[in-house]
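Under the working numbering, read the sequence shown as residues 7 to 216, first letter to last.
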Amino acid sequence: MSDEPHFLREEKIEIARAEGNAEAAVEPLQLGKRVREIRLSQNLTLEEASKRTGLARSTLSKIENEQISPTFSAVNKLVKGLGIDMPQLFTQPKRSSGAGGRRDITRCGEGTPHPTPTYEHELLATQLTSKKMVPFRTVVHARSFDEYPEWVRHDGEEFLYVLKGSLLFYTEFYEPIELFEGDSAYYDCEMGHALVSTSEQDAEVIWVTA
């Protein structure tokens, strides 16, 4: 007998019926992977997702790593906190079988805003789902490392390019380094990291997370 919670199986069966695909009801679903994909597509750290959903950071981490199955209450919190519909959480993303032809244009200033106490993010290419990369432009408001209650860290790797101004790039295992317009960095973003503006005007950067 499957260890999968009963409500999860029923949810997948209902989705499969709605799509007219009976086989999808028995396809394995990596729920933790879907939660991580959705969280990263919104450029949320585990800490930020925890605040939005009301679930503990450790609980989210265990869900994403398939160490525990979420209760019905936890699923409702995920759906509400991440601003998604229930089917998005339980439906496998469609995979392309041929040459890729996807495209998304983001006009200047028309990205999705996502402000935080230290950063003002503008999420780019938000119309595409299941992206392999998450691009965003950020204005760095932080003026001191003390403004960060803890290191910023999340899954994947990240590329940083300075568009305007200058900043101090803090990383957990290296000395802080000042970056200027046109400088870039590539790093493991599971390593703690943070940016602090040093120019008169707040620095602006492009980030790409994969």
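Idealized CB from N, CA, C, for every residue including glycine.
Between the beta-carbon of Leu46 and the beta-carbon of Arg63, is there less than 8 Å?
Here the question's residue 46 lines up with position 40 in the sequence shown. Here the question's residue 63 lines up with position 57 in the sequence shown. No, these two residues do not count as a Cβ contact at 8 Å.
Three-state secondary structure (DSSP) of Ala30:
On the sequence shown, position 24 is the one that residue 30 refers to. Confidence at Ala30 is low in this model, with a pLDDT of 36, below 50, so the placement of that residue should be treated as unreliable; the coordinate-derived value is given next. Secondary structure at Ala30: helix, using DSSP grouped into helix, strand and coil.
List the endpoints of the continuous beta strand (DSSP E) containing Phe165.
Here residue 165 corresponds to residue number 159 of the sequence shown, with the count starting at 1. Counting along the chain, the beta strand (DSSP E) containing Phe165 begins and ends at 163 to 170.
How is Cys155 classed by DSSP in three states: helix, strand or coil?
Counted from its first residue, the sequence shown places residue 155 at position 149. The sequence given here has Pro at residue 155, not Cys. In the structure shown, the three-state DSSP call for Pro155 is coil.
With 16 other CB atoms within 10 Å as the buried threshold, where does Ser203 fall?
Residue 203 sits at position 197 when you count from the first residue of the sequence shown. By the 10 Å Cβ count, Ser203 comes out buried.
For the alpha helix (DSSP H) containing Ile44, list its first residue and its last residue.
Walking along the sequence shown from the start, residue 44 turns up at place 38. Ile44: member of the alpha helix (DSSP H) spanning 37 to 47, first to last residue.
For Glu116, which residues from the same chain have a beta carbon less than 6 Å from its beta carbon, with the 5 sequence-adjacent residues on both sides left out?
For this step, residue 116 is matched to residue 110 along the sequence shown. Non-local C-beta neighbours of Glu116 in its own chain, meaning closer than 6 Å and more than five positions away in sequence, are absent.
Name, in chain order, the residues that DSSP records as bridge partners for Ile183.
Translated into the one-based positions of the sequence shown, residue 183 becomes position 177. In the DSSP output, where bridge partners are listed per residue, Ile183 has Phe175.
Just to confirm, is the Cβ distance from Thr215 to Asn49 under 8 Å?
On the sequence shown, position 209 is the one that residue 215 refers to. On the sequence shown, position 43 is the one that residue 49 refers to. For Thr215 and Asn49, yes; Cβs fall inside 8 Å.
Would you please state the rounded distance, in angstroms, between the beta carbons of Val168 and Leu185? I believe it to be under 8 Å.
Against the sequence shown, residue 168 aligns to sequence position 162. Against the sequence shown, residue 185 aligns to sequence position 179. Right, their Cβ atoms sit about 5 Å apart.
Within a Cβ cutoff of 6 Å, which residues of the same chain sit near Glu25, ignoring the five residues on either side of it in sequence?
The count along the sequence shown starts at 1 and reaches residue 25 at position 19. Here the model assigns Glu25 a pLDDT of 44, short of 50, so the residue's position is not dependable, and the following value carries that caveat. Correct list: empty, nothing qualifies.
Identity of the residues DSSP links to Val146 by a beta bridge:
For the purposes of this step, residue 146 is identified with residue 140 of the sequence shown, where counting begins at 1. For Val146, which the question treats as bridged, DSSP gives the partners Tyr125.
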